[in-house]
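Enquirer:
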Amino acid sequence: MLAKQRQSLILDGLDRDGEVTVAGLAKRLAVTDETIRRDLAKLAERGRLVRTHGGAVRPTATDEPPFAQRQSSHASEKHRIGRAAAQLVSAGEVIAIDASTTGLEVARQLPEFPKDCPVTVVSNGLDAVRWLADRTDVKVVCTGGEFDAAGACFVGPLAEASLRQFAFQKAFVSCAALDTTRGPSEASLSHAAIKRTFLAMADEAWLVADSSKFGHRSGCYFAALNDFTGLVTDQPPMPEDTLRISEAGLTVHYAIPPA
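Numbering (full-length UniProt numbering), first residue to last: 1 to 259.
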C-alpha cells in the first residue's frame, strides 16, 4: 500500500472516531509502528492531525500550522507551481491572490508588465502585499479586515466586503486539503469563507495546490471542483483523482521540474 493510501485511511479513521492510535493503525494496515509514526508525522506537518502520546487526534481551527512553518513544507513544489501560475497572468488584468504559502509564490514570480499597463493584485495575505509593494508595474490592494496572526492574513466580514468591490479576471486560491470527491477544504470557517468570496468575484478561478494535498480533508469545504477553471499542481495525482478532475472539466497545468 502506498503512503498516500495509508494516510488517506488514517484520516478516514480520524473523521470517523476522532482519534487513532499507532498500535491500532499498525494492526489494521498491516505495517510497522514506525511506518505509522512516519505517516502521522507527515500528516501533522501538513496540519491534518495533532500528534498525541501513542496516536493522533483531529485538529481544531487553532491547530493549523503557522504560516512560516507551512511555507517551508514542500517549498520546491510550491515554487514551481507559483511560477507556472504566474505565467497565466496578462498585463492590465485585475487578479486576486489568497493568503496561502502557494499564493505567495504566485505573487513572487509574477513577470514584469508594461508600466503603462500594470496588473492590479488584490490579496488578503500580508506577505504577498509586502512582497509586491515596491513593484512599479503592479498595483497592490490589501483587503484589510481582522488580522489572523498565525496565517499572516486578513479574514472576516470586512475582508470579504473588500473583495466584493472587485471584478477579477483571475483568482489564485490554494487549500489545506483536496478531496477530489467533495472539493478543497480549509482548517477554519473564516479561511473557507474568504476563499468562497475570491471564487465568487472571479471570471477564472485557479486552484494552486501541491500534490501532498490530494486525498486529504480539513475542517471546512469551501468549493466543488467544478467551481474552478483549472488546477496548477506539481505532478499527476492518483488515477482516480485524475479522472474526477477531468470529469469536472478543469484545465490542468503540471509544474514538473526540468529533467
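Even glycine gets a Cβ: it sits at the ideal position worked out from N, Cα and C.
Predicted model, so just to flag it, every value in this text is computed and none were measured.
1) If contacts are defined as beta-carbon pairs under 8 Å, then LEU163 and GLU146 qualify, I think. What distance do you get, rounded to the angstrom?
2) Using the Cα positions of ALA3 and PHE166, report the straight-line distance between them to the nearest angstrom.
3) Just tell me which of ALA23, ALA96, ALA91 and ALA248 has its CA closest to the CA of SER123.
4) Does GLN165 come out as helix, strand or coil in the three-state DSSP assignment?
5) Tell me the DSSP secondary structure of GLU146 in three-state form.
6) Quick one: what's got a C-beta closer than 7 Å to LEU199's C-beta in the same chain, skipping five residues either side?
7) Could you please give the first and the last residue of the uninterrupted beta strand (DSSP E) stretch that includes LEU231?
8) Around the C-beta of CYS117, are 16 or more other C-beta atoms found within 10 angstroms, so that it is buried, or is it exposed?
9) Please confirm whether ALA86 and VAL106 have their CB atoms less than 7 Å apart.
10) When you compare the CB positions of LEU14 and ARG58, do they come within less than 7 Å of one another, or not?
11) At which residue ranges does the region 189 to 220 contain complete beta strand (DSSP E) runs of 3 or more residues, listed in the order of the chain?
12) Please state the DSSP three-state secondary structure of THR52.
13) Please report how far the alpha carbon of CYS153 lies from the alpha carbon of ILE194, in whole angstroms.
14) Which residues mark the beginning and the end of the beta strand (DSSP E) in which GLU19 is found?
15) Sorted by chain position, which residues of the same chain lie with C-beta nearer than 7 Å to ARG244's C-beta, five sequence neighbours on each side aside?
16) Pull the bridge partners of GLU77 from the DSSP assignment, please.
17) Closest to residue 276 by C-alpha separation, out of MET1, LEU104 and PRO257, would be which residue?
18) For the alpha helix (DSSP H) that ALA133 lies in, which residues bound it at each end?
19) I'd like to check one pair, THR120 with VAL155: are the Cβ atoms closer than 7 Å?
20) Should GLN7 go down as buried or exposed, given a rule of 16 or more other Cβ atoms within 10 Å for buried?
21) Leaving out five residues on either side along the sequence, give the residues of the same chain with a beta carbon under 7 Å from the beta carbon of ARG37.
22) How would you call THR62, buried or exposed, if buried means at least 16 neighbouring beta carbons within 10 angstroms?
23) Quick check on this structure: which residue in ILE256, ASP148 and GLY215 has the alpha carbon closest to the alpha carbon of LEU178?
24) So who's on the other strand from ALA179, going by DSSP bridges?
25) According to DSSP, which residues form a beta bridge with THR120?
Expert: Looking at the coordinates:
1) Not confirmed; about 14 Å, so no contact.
2) Cα to Cα, ALA3 sits roughly 42 Å from PHE166.
3) By alpha-carbon distance to SER123, the top candidate from ALA23, ALA96, ALA91 and ALA248 is ALA96.
4) Looking at GLN165 - three-state DSSP - the assignment turns out to be coil, as it is neither helix nor strand.
5) GLU146 falls in the strand class under three-state DSSP.
6) Only residues of its own chain outside the window of five on either side were considered, and among them ALA171, VAL173, ALA205, ALA223 and ASP227 have a CB closer than 7 Å to the CB of LEU199, listed in chain order.
7) In this chain, the beta strand (DSSP E) harbouring LEU231 covers 230 to 233.
8) Looking at its Cβ environment, which holds fewer than 16 other Cβ atoms inside 10 Å, CYS117 is exposed.
9) With a cutoff of 7 Å on beta-carbon distance, ALA86 and VAL106 are scored as near each other.
10) Result yes, Cβ atoms of LEU14 and ARG58 sit closer than 7 Å.
11) Counting whole runs of 3 or more residues, the region 189 to 220 contains the beta strand (DSSP E) stretches 202 to 208.
12) Of the three classes helix, strand and coil, the one that applies to THR52 here is strand, per DSSP.
13) Near 11 Å, if we compare the C-alpha coordinates of ILE194 and CYS153.
14) Annotation for GLU19: the continuous beta strand (DSSP E) segment containing it runs 19 to 21.
15) Here the set comprises THR180, THR181 and LEU225.
16) None; GLU77 has no bridge partner.
17) Summary: the structure shown does not reach residue 276, with the chain confined to residues 1 through 259, and so no result is reported for it.
18) Run containing ALA133: none; DSSP gives neither H nor E here.
19) At least 7 Å separates the beta-carbon of VAL155 from that of THR120.
20) Label assigned to GLN7: buried.
21) Within the same chain, ARG37 has close Cβ partners VAL22.
22) With a pLDDT of only 47 at THR62, under 50, the local geometry of the prediction cannot be trusted, and no value is derived from it.
23) Of the candidates ILE256, ASP148 and GLY215, the residue whose Cα lies closest to the Cα of LEU178 is GLY215.
24) Note that residue 179 is Asp in the sequence shown here, rather than Ala. According to DSSP, ASP179 shares a beta bridge with GLY183.
25) Looking at the DSSP output, THR120 shares a beta bridge with VAL94 and LYS139.
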